Amino acid sequence: MMPFLLATLLAGTACADDAAPAPQDASANWRLTEEPTVVIGGADEREGYLLHWVTGATRLGDGRIVVANESTSELKYYDPQGIHLFDTGGEGGGPGEFAGSIERLARMPGDSVLVLSSLSQITRFGPDGRYASSDRYNLPPSGHCRTIEGRERLLPDGSIVLGYGLFIGRGGECPPPGPGEARQPMVVGRFVPATEDFDTIAWLPAFERTSDSETMHAYPRNRVYGIGYDRIYLGDTGSDSILAMNFSGERIGTLPIPFEQAPVPADAREELVREMEATQSGTGQRMTMSWTLVYPDYYPRYARLVAAPEDRVWVMAYPLWKEPVVFADEEIHPRIHHRLDGGALWKVVDRDGSPIAELRTPPGFFLLEVGDDYVLGIHKDEFGRESVRLHGLMR
4 MMPFLLATLL AGTACADDAA PAPQDASANW RLTEEPTVVI GGADEREGYL
54 LHWVTGATRL GDGRIVVANE STSELKYYDP QGIHLFDTGG EGGGPGEFAG
104 SIERLARMPG DSVLVLSSLS QITRFGPDGR YASSDRYNLP PSGHCRTIEG
154 RERLLPDGSI VLGYGLFIGR GGECPPPGPG EARQPMVVGR FVPATEDFDT
204 IAWLPAFERT SDSETMHAYP RNRVYGIGYD RIYLGDTGSD SILAMNFSGE
254 RIGTLPIPFE QAPVPADARE ELVREMEATQ SGTGQRMTMS WTLVYPDYYP
304 RYARLVAAPE DRVWVMAYPL WKEPVVFADE EIHPRIHHRL DGGALWKVVD
354 RDGSPIAELR TPPGFFLLEV GDDYVLGIHK DEFGRESVRL HGLMR
């Protein structure tokens, strides 16, 4: 449907010499408060404040904070100062309970909250936190050699962003990549559960994989999304551009990546083989898997996108890690962000593509949401204790 979008994103993946120059450095003086203004959880062991496996959080219009706590399958509501108000939800089949684990949280206009749970259920809670409705749905069929790839993304209108990638067969049933074809295309679209319609938004390169079972990419390139109320930012971390699209698939603009590529140094290539322990499905037998690592010449340019007010997008620079990354969830999953001990560098890109500010989020902080005067995210301390923190944003 939109091959030019795929070509746009692939244009900057060849090498640093061919990449378009990054825009001029940002000059606006934006900064975060040194200390968080609200802390929920962490070392606070009182009832109502213990958090584990936080998968999302959002700040409502009146300042209340809602936390999706997966370990208890609950939404936890707090006042603007972080004082616990009440919990709702829980795993089960009754009204207001979640079918499976909590996967996504989205705030609707008017401060209703939507929850996407793992067994294909969307549950809505009103502005007061009371249960309002629940709907089950069937995902569109994957089809031959096509499968849903990556995590589903819940939109404020209750629709879902899905990605369909080409399954690379190990036994010849599905075709491997063609000669020289390192990235398979995947379709990203908007699925409407009420009608079961699937509307294509764009074609993107899929997660970077090798075509055999014995090797694995280090620092693989991946597609990432930043979702606003009326648009989605789509990117491939190996390209030099970000696409701004509406949910009907119309292009709003193409934004340049505000970071140059950085070479992978020799001391970041020392690990030759990655081994992992796994449990075999069905038998429960423990097994060790190993892969030979394949290193790129350059790190990806960026790691994440977060939509912000005024049609801006925050772009996170790819951290120059010395320990190889092999799974995308090590960078983009709110529960698996142990790599952010040094904080993260972000540039704020305006709607015309110009970078207008640069700032660094605190060590151990995973950014979830940007407001006019705050940022909200998940923090892990040295003991692995989770907290939801709000920092003031001064600009």
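Heads up, the sequence shown stops at 398 in my numbering, and the numbers go up one at a time, no gaps. Ideal Cβ placement from N, Cα and C applies to all residues, glycine included. Owing to the predicted nature of the structure, the values given are computational and were not obtained by experimental measurement.
task: Please state whether DSSP places Glu385 in a helix, a strand or coil.
output: Indexing the sequence shown from 1 puts residue 385 at position 382. The answer is coil: DSSP assigns Glu385 none of H, G, I, E or B.
field: Counted within 10 angstroms of its Cβ, other Cβ atoms place Gln84 as buried (16 or more) or exposed
entry: Walking along the sequence shown from the start, residue 84 turns up at place 81. Exposed: under 16 other Cβ atoms inside 10 Å.
- prompt: Around the Cβ of Thr240, are there at least 16 other Cβ atoms within 10 angstroms (buried) or fewer (exposed)?
  reply: For the purposes of this step, residue 240 is identified with residue 237 of the sequence shown, where counting begins at 1. By the Cβ neighbour-count rule, Thr240 is buried, with 16 or more other Cβ atoms within 10 Å of its own.
- prompt: Can you tell me whether DSSP reads Glu334 as helix, strand or coil?
  reply: What you label residue 334 is simply residue 331 of the sequence shown in a count that begins at 1. Three-state result, Glu334: helix.
- request: Could you pull the start and end residues of the beta strand (DSSP E) that Asp90 belongs to?
  value: Within the sequence shown, the letter at position 87 stands for residue 90. That run of the beta strand (DSSP E) goes His87 to Gly92.
- request: Please confirm if the segment 42 to 49 is in contact with the segment 348 to 368, defined as three or more CB-CB distances below 8 angstroms between the two stretches.
  value: No, because fewer than three Cβ pairs between the segment 42 to 49 and the segment 348 to 368 fall closer than 8 angstroms, the two stretches do not touch.
task: Output the residue ranges of the alpha helix (DSSP H) runs that lie fully inside the segment 285 to 365 and measure 4 residues or longer, sorted by chain position.
output: Restricted to the segment 285 to 365, the alpha helix (DSSP H) segments that are unbroken, complete and at least 4 residues in length are 332 to 335, listed in chain order.
- prompt: Between which two residues does the beta strand (DSSP E) containing Thr126 stretch?
  reply: Counting from 1 along the sequence shown, the entry for residue 126 is found at position 123. Where Thr126 is concerned, the enclosing beta strand (DSSP E) stretches over Gln124 to Phe128.
message: For a test of the three-state rule: what should DSSP assign to Thr75, helix, strand or coil?
response: Position 72 of the sequence shown, counting from 1, holds the residue named residue 75. In this structure, Thr75 counts as helix in the three-state DSSP scheme.
Burial state of Val276 (16 or more Cβ within 10 Å): Locating residue 276 in the sequence shown gives position 273, counting from the first residue. Counting the other CB atoms within 10 Å of its CB gives Val276 a total below 16, which places it among the exposed residues.
field: Endpoints, the beta strand (DSSP E) within which Leu370 is located
entry: Reading the sequence shown from its first residue, position 367 is the one you call residue 370. For Leu370, the enclosing beta strand (DSSP E) begins and ends at Phe368 to Val373.
message: Quick check on the burial criterion: 16 or more other C-beta atoms within 10 angstroms. Buried or exposed for Thr282?
response: Within the sequence shown, residue 282 is the residue found at index 279, counting from 1. Around the CB of Thr282, fewer than 16 other CB atoms lie within 10 Å, so the residue is classed as exposed.
field: Proximal residues to Gln27 (C-beta, below 6 angstroms), its chain only, five neighbours per side dropped
entry: Translated into the one-based positions of the sequence shown, residue 27 becomes position 24. With a pLDDT of 48 at Gln27, under the threshold of 50, the predicted position of this residue should be treated as unreliable, though the coordinate-derived value follows. If we look at Gln27 and ignore the five residues flanking it on each side, it has no Cβ neighbours.
message: Please state the DSSP three-state secondary structure of Asp239.
response: Translated into positions along the sequence shown, residue 239 becomes position 236. Here Asp239 sits in strand by DSSP.
message: As a quick exercise: from Asp82, Ile359, Gly168 and Leu88, pick the residue whose alpha carbon is nearest that of Gly51.
response: The sequence position of residue 51 within the sequence shown is 48, counting from 1. That would be Leu88, whose Cα lies nearest to the Cα of Gly51.
- prompt: Just the Cα atoms here: how many angstroms apart are Tyr301 and Gly96?
  reply: Locating residue 301 in the sequence shown gives position 298, where the first residue counts as 1. Locating residue 96 in the sequence shown gives position 93, where the first residue counts as 1. Distance between Tyr301 and Gly96, taken at the CA atoms: about 49 angstroms.
- prompt: If Ile245 and Ile260 are in contact, beta carbons under 8 angstroms, what's the gap, nearest whole angstrom?
  reply: The sequence position of residue 245 within the sequence shown is 242, counting from 1. The sequence position of residue 260 within the sequence shown is 257, counting from 1. Contact between Ile245 and Ile260 holds, since their C-beta atoms are separated by about 7 angstroms, short of 8 angstroms.
query: Taking C-alpha atoms, which residue in Tyr80, Thr75, Ser76 and Leu53 lies nearest to Thr61?
result: Looking up residue 61 in the sequence shown gives position 58. Here the closest residue by C-alpha is Tyr80.
- request: Have a look at Pro208 and Tyr167 and give me their C-alpha separation to the nearest angstrom.
  value: Your numbering for residue 208 matches position 205 in the sequence shown. Your numbering for residue 167 matches position 164 in the sequence shown. When only Cα atoms are considered, Pro208 and Tyr167 end up about 11 angstroms apart.
- request: Starting from the Cα of Arg133, find the closest Cα among Ala271, Leu117, Ser123 and Tyr140 and give me that residue.
  value: Counting from 1 along the sequence shown, the entry for residue 133 is found at position 130. Cα-wise, what sits closest to Arg133 is Leu117.
Residues that DSSP places opposite Ala247 in a beta bridge: Sequence index remark: in the sequence shown, residue 247 carries index 244 (1-based). The secondary-structure analysis by DSSP pairs Ala247 across a beta bridge with Tyr236 and Gly256.
query: From Gln124 to Pro196, what distance separates their C-alpha atoms?
result: Locating residue 124 in the sequence shown gives position 121, where the first residue counts as 1. Locating residue 196 in the sequence shown gives position 193, where the first residue counts as 1. Straight-line Cα distance between these residues: approximately 9 angstroms.
- prompt: Beta-carbon separation of Val41 and Arg392 under 9 angstroms?
  reply: Here residue 41 corresponds to residue number 38 of the sequence shown, with the count starting at 1. Here residue 392 corresponds to residue number 389 of the sequence shown, with the count starting at 1. Contact: yes.
query: Residues in its own chain within less than 8 angstroms of Met189 by CB, not counting five upstream and five downstream?
result: Here residue 189 refers to the residue found at position 186 when the sequence shown is read from its first residue. Contacts found: Glu152, Gly166, Tyr167, Gly168, Leu169, Trp206, Leu207, Pro208, Ala209 and Arg226.
query: Based on the DSSP secondary-structure assignment, which residues constitute the bridge partners of His394?
result: For the purposes of this step, residue 394 is identified with residue 391 of the sequence shown, where counting begins at 1. Beta bridge pairing from DSSP links His394 with Val378.
query: Taking just the CA atoms, how far does Glu253 sit from Gly387?
result: Translated into the one-based positions of the sequence shown, residue 387 becomes position 384. Translated into the one-based positions of the sequence shown, residue 253 becomes position 250. Between the alpha carbons of Gly387 and Glu253 lies a gap of roughly 42 angstroms.
task: Using beta-carbon positions only, say whether Val328 and Tyr228 come within less than 9 angstroms of one another.
output: Residue mapping note: residue 328 aligns to position 325 of the sequence shown, counting from 1. Residue mapping note: residue 228 aligns to position 225 of the sequence shown, counting from 1. Cβ atoms of Val328 and Tyr228: not closer than 9 angstroms.
- request: Report the option in Thr58, Gly64 and Asp65 whose CA atom is closest to the CA atom of Asn72.
  value: Position 69 of the sequence shown, counting from 1, holds the residue named residue 72. The shortest CA-to-CA distance from Asn72 to any of Thr58, Gly64 and Asp65 is the one to Thr58.
query: Should Leu343 and Phe368 be called a contact, given that it needs their Cβ atoms to be closer than 9 angstroms?
result: Taking the first residue of the sequence shown as position 1, residue 343 is located at position 340. Taking the first residue of the sequence shown as position 1, residue 368 is located at position 365. Yes. Within cutoff.
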